[in-house]
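Residues 3 to 480 in this note's numbering are what the sequence shown spells out, letter by letter.
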Amino acid sequence: MPIKRICCIGAGYVGGPSCAVIASKCPDVQVTVVDLSEERIRQWNSDHLPLYEPQLDDVVKSCRERNLWFSTDVDKAIIEAELIFICVNTPTKLFGIGKGRAADLKYIESAARRIATVAKSSKIVVEKSTVPVKAAESITNILQANVKPGVKYQVLSNPEFLAEGTAISDLVSPDRVLIGGEKTDQGREAVEALCWIYEHWIPKEQIIVMNTWSSELSKLAANAFLAQRISSINAISAICEATGADVSEVAGAIGTDSRIGSKFLKASVGFGGSCFQKDVLNLVYLCECLNLPEAAAYWQQVVDINDYQRKRFALRIVESLFNTVTDKNITILGFAFKKDTGDTRESAAIYLSKYLLDEEAKIRIYDPKVEKEQMLRELTSPMISDNPDRVSKLVTIYDDVYEAAKGSHALVLCTEWDEFKTLDYKRIYADMLKPAFIFDGRIILDHEALMEIGFHVETIGKRLTRKPVHRPIAPCTQ
Ligand code: NAI
3 MPIKRICCIG AGYVGGPSCA VIASKCPDVQ VTVVDLSEER IRQWNSDHLP LYEPQLDDVV
63 KSCRERNLWF STDVDKAIIE AELIFICVNT PTKLFGIGKG RAADLKYIES AARRIATVAK
123 SSKIVVEKST VPVKAAESIT NILQANVKPG VKYQVLSNPE FLAEGTAISD LVSPDRVLIG
183 GEKTDQGREA VEALCWIYEH WIPKEQIIVM NTWSSELSKL AANAFLAQRI SSINAISAIC
243 EATGADVSEV AGAIGTDSRI GSKFLKASVG FGGSCFQKDV LNLVYLCECL NLPEAAAYWQ
303 QVVDINDYQR KRFALRIVES LFNTVTDKNI TILGFAFKKD TGDTRESAAI YLSKYLLDEE
363 AKIRIYDPKV EKEQMLRELT SPMISDNPDR VSKLVTIYDD VYEAAKGSHA LVLCTEWDEF
423 KTLDYKRIYA DMLKPAFIFD GRIILDHEAL MEIGFHVETI GKRLTRKPVH RPIAPCTQ
């Protein structure tokens with residue numbers, strides 16, 4: 003089946019960038035990205051895209067209205083396409099069976115039902131969302147139960163491995179592309195059709211074909227391994243703080259072992275983002291359902307250590323500030339879950355803010371990319387706050403970092419934005435209340451230089467010893 007038209011259901015962090023790259027690399031294919039959200043589609047069609055990613059603006063502008071389209075007309079795009087990507091969200095279930103762990107598949111199911119309802123010709127349906135193992139089977143069942151005469155479906159798994167902040171370069175030069183499909187003639191044909199799309203820019207040997215269930219599980223396993231590395235080094239950081247070892251030195255030492263490798267060994271205030279916690283919990287739930295309690299408990303610890311790390315850091319802030327932060331001005335530097343994205347889902351900054359708000363601290367927040375409304379939405383969500391009035395009373399959002407720091411008791415660095423490395427800390431120190439504290443939750447600042455200025459510095463995985471302050475001794479008058 004030659005692929006002339008692609009439809010992508012879901013214009014989010016995965017659907018938008020991945021289809022923009024497909025359109026830019028496959029000028030012979032028309033790509034339409036659809037979403038139920040009119041606002042999101044309006045933004046994709048405007049100069050102000052709904053999400054921030056380096057290079058995304060240029061890629062979208064190079065092919066929008068040439069062979070890349072954004073639309074709310076879901077049915078038309080489904081009818082016209084030969085290949086449909088499902089890129090809808092699969093959040094953690096907030097209620098019912100599997101609450102707090104299982105993936106909520108209602109958006110996947112509604113996308114599959116829409117395809118089954120409106121499709122008039124055969125389709126290759128590609129599951130790009132991250133799903134539990136065997137979700138492709140559920141999609142197939144829904145499609146087959148509603149199939150029209152002459153229409154055939156093939157469902158493939160093609161999980162996405164892009165990381166926010168580097169989405170475009172990850173999509174242009176991925177480590178690998180994974181495709182799972184049925185080992186039947188029709189299945190192989192569908193896999194070939196999808197390979198043909200990727201082969202426009204990705205060498206054949208980097209496209210790995212496997213069975214559908216392996217492909218679905220590989221995505222969950224990859225995220226679980228990445229999250230586990232962060233939790234492992236964070237667990238070591240707690241030992242460092244208790245003993246006087248330095249986690250950066252330990253990470254450097256173990257990272258030189260080629261079996262371990264140096265990537266993803268940076269201790270921090272904890273991982274965030276829409277995927278790691280959700281996907282590990284999804285794996286935990288899968289283990290429980292498969293009656294594998296030991297495997298479930300093992301992966302659950304990855305999430306528990308992440309919680310522990312955030313709480314430990316919050317506690318350290320309170321203890322350092324003389325065991326009370328009530329009414330103190332604390333400036334949070336960075337609200338995005340990592341640098342180079344405006345995404346705040348599961349950001350450590352949300353949890354840090356929550357713990358400090360519980361202590362009635364006055365929180366000031368500065369982030370170079372996150373909109374004020376989005377921060378307030380996160381902080382007033384029912385999972386975080388049972389008292390939205392307290393948030394509006396105690397939280398102020400700034401668009402100038404120096405104004406935010408003025409009169410603060412402490413700065414708490416939560417996101418590793420590059421600009422935080424080069425702020426004028428002498429100016430900031432001069433405008434802060436003394437003693438002026440800085441808590442570096444990402445280990446990116448020059449701690450020696452900050453201590454030289456006069457800051458009291460605390461960071462992850464290291465005890466910093468303050469240089470003795472040489473004060474002139476007052477002459478004895480008696
Ligand atoms: P998102 O929340 O940014 O976007 C999902 C979009 O789907 C929303 O705009 C929503 O309105 C739309 N949608 C939901 N149901 C729909 C329907 N029936 N018809 C049309 N549109 C519908 O989610 P994001 O971050 O793009 O993630 C999508 C999937 O990709 C998830 O399964 C996620 O786990 C996975 N993933 C996410 C990555 C990331 O970095 N964000 C990386 C790799 C995978």
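We put the beta carbon where it would ideally sit given N, CA and C, even for glycine.
What you are looking at is a predicted structure, and each value in this text was computed from that prediction instead of being measured.
With a cut-off of 6 Å, the C-beta of Ser394 is classified as distant from the ligand NAI, since no heavy atom of the ligand falls inside that distance.
A contact is defined here as three or more CB-CB pairs under 8 Å, and the stretch 296-303 fails this definition with respect to the stretch 328-335. The C-alpha of Ile117 is placed about 22 Å away from the C-alpha of Thr186.
According to the DSSP assignment, Glu243 belongs to the alpha helix (DSSP H) that extends over 214-245. From the listed residues Thr214, Trp198, Trp215, the smallest Cα separation to Gln208 is found for Trp198. For Ser216, the CB contacts under 8 Å within the same chain, skipping 5 residues up- and downstream, are Gly182 in chain order. Contact check for Glu166 against Thr417 fails: the beta carbons are separated by 7 Å or more. Each residue's CA atom was taken as its position, placing Pro19 and Ser159 some 18 Å apart. Taken atom to atom, the span from the alpha-carbon of Arg68 to that of Val459 is near 53 Å. Counting only residues of its own chain and dropping the five nearest sequence neighbours on each side, Asp177 has a CB closer than 8 Å to the CB of Phe163, Gln208.
When distances are taken from the beta-carbon of Cys89 to the heavy atoms of the ligand NAI, the shortest one is below 6 Å. Where Asn308 is concerned, there is no enclosing beta strand (DSSP E), although the alpha helix (DSSP H) around it starts and stops at 295-322.
Judged by their CB atoms, Ala13 and Val35 are nearer to each other than the 7 Å cut-off. The residue from Trp419, Ile445, Glu454, Gly443 with its alpha-carbon nearest to that of Tyr431 is Glu454.
Contact between Ala105 and Lys280 holds: their C-beta atoms lie close to 7 Å from each other, under 8 Å. Boundaries of the beta strand (DSSP E) around Gly182: 179-182.
Not one heavy atom of the ligand NAI falls within 6 Å of the beta-carbon of Leu378. By the Cβ rule, the stretch 42-51 counts as touching the stretch 59-74, because three or more pairs are nearer than 8 Å. DSSP places Thr333 in the uninterrupted beta strand (DSSP E) bounded by 331-335. A Cβ-Cβ distance of about 15 Å is found for the pair Ala406 and Phe439, leaving them out of contact under the 8 Å criterion. DSSP, read as helix, strand or coil, puts Glu201 in coil. DSSP places Gln156 outside any alpha helix (DSSP H); the residue lies instead in the beta strand (DSSP E), whose first and last residues are 155-159.
In the DSSP assignment, the residues bridged to His458 are Phe439.
If you compare the alpha carbons of Lys364, Lys408, Val320, Val62 with that of Met434, the shortest gap goes to Lys408.
Closest in C-alpha terms to Val149, from the list Ile126, Thr119, Pro134, Val135, comes Thr119. Residue state for Trp71 is assigned as strand, using DSSP reduced to three classes. Take the alpha-carbon of Leu107 and the one of Pro93: they are about 8 Å apart.
When only Cα atoms are considered, Ile241 and Glu84 end up about 55 Å apart. The Cβ atoms of Ala138 and Val157 lie closer than 7 Å to each other.
The beta-bridge partner set that DSSP reports for Thr417 is empty.
Ser220 has its alpha-carbon roughly 15 Å from the corresponding atom of Gln230.
When DSSP states are grouped into helix, strand and coil, Gln208 belongs to the helix group. Here the alpha carbons of Ser260 and Ser276 stand approximately 30 Å from one another. Assignment of beta-bridge partners to Leu285 by DSSP yields no partner. Rounded to the nearest whole angstrom, the CA to CA distance from Tyr200 to Ile110 is 23 Å.
Separation of Thr328 and Met385 (C-alpha to C-alpha, rounded to the nearest whole angstrom) is 22 Å.
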